[in-house]
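To start, the structure under review is shown below, and the notes come after it.
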Amino acid sequence: MPGSRLFQSFQRLALAGLLAAGGSSLSADVVRAQARLIPAPAPETRGETGDARIEAVQVTVDHAKVLRLPEKAQTVIVGNPAIADVTVQRNGVMIVTGKSYGVTNLIALDATGALLAESSVRVGAASDSILTVQRGLERESYSCTPSCQPSAQLGDSKAFFDGTSGQSGARNAAATGAEKK
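Going letter by letter, the sequence shown gives residues -28 to -1, 1 to 153 in mature numbering (1 follows the signal peptide of the UniProt record, and there is no 0).
What follows is the structure, given as structure tokens:
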């Protein structure tokens, strides 16, 4: 069935075989589907008052998640802003955006600087629709939703990443220029 997981896996493997066949040394080519990261559960963290807590947050690179801040939170701190970014809204809501793979923390303080809550933020790989092709040290990524297209991902080889990003940038610039006319 075309929509089933088995069919999608078969489609990714078929593409991977075609890509590998184009390589110069088939025996050195390794093709694998990128596994979804499943972190171990994080321990619950309570504030100094013991009344507020935030569960561990899991976000995907280039995706955002909307979360409610603890009551009376005035300051939000991200341990490593290169991994995740936080935007605080007026209505007690914050948006956490995954920027790079890794784990950082998120701290909420009240107006006096007292700790209300702390949580770990885990930023993982994109969904299981990403196919990774590894040829020796060179890595390429493809987004298979459902047809596979090049997709610049963290960890791809420089030539592939630059080429794919350059094409995407040129396409976006052309679309933006067309809209201004």
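The beta carbon of each residue, even a glycine, is placed where N, CA and C say it ideally should be.
With distances taken between CB atoms, is the gap from residue i to residue j smaller than 8 Å?
i	j	result
G51	T76	yes
T47	L81	yes
R111	T117	no
P42	L88	yes
Report all residues from its chain with a CB closer than 8 Å to the CB of residue i; omit the five preceding and five following residues, and keep chain order.
i	result
T136	P122, S123, A124 and D128
T32	G70, V95, G96, A97, A98 and S99
T109	Rather than Thr, the amino acid found at residue 109 in this sequence is Leu. Correct list, in chain order: S129.
List the whole-angstrom C-beta distance separating residue i from residue j, where the pair is believed to meet the contact cut-off of C-beta under 8 Å.
i	j	result
E73	A97	At residue 73 the sequence reads Tyr, which differs from the Glu that was named. Correct: roughly 7 Å between the Cβ atoms.
V58	R40	Wrong, their Cβ atoms sit about 13 Å apart, outside the cutoff.
What span of residues does the beta strand (DSSP E) with residue i cover, start to end?
i	result
P122	C120 to P122
G57	Sequence inspection shows Asp at residue 57; the Gly mentioned does not correspond to that position. Note, D57: beta strand (DSSP E), A56 to V60.
Near residue i, which residues of its chain fall below 7 Å by C-beta distance, leaving aside the five closest residues on each side in sequence?
i	result
A56	V31, V50, V68, T69, G70, K71, T76, V93 and V95
R4	Model confidence at R4 stands at a pLDDT of 29, short of 50, so the residue's coordinates are unreliable; what they give is reported in the following sentence. Only T104 and Q106 meet the Cβ criterion.
V38	V65 and I67
Which same chain residues end up closer than 6 Å to residue i when comparing Cβ atoms and leaving out the 5 residues on each side of it in sequence?
i	result
F132	E112
A83	Q46
Starting from the N-terminal side, write out each stretch of the beta strand (DSSP E) that is 3 residues or longer and does not extend beyond the segment 29 to 110.
Counting only runs of 3 or more, we get 29 to 32, 36 to 40, 47 to 50, 56 to 60, 65 to 70, 74 to 81, 87 to 96 and 102 to 107.
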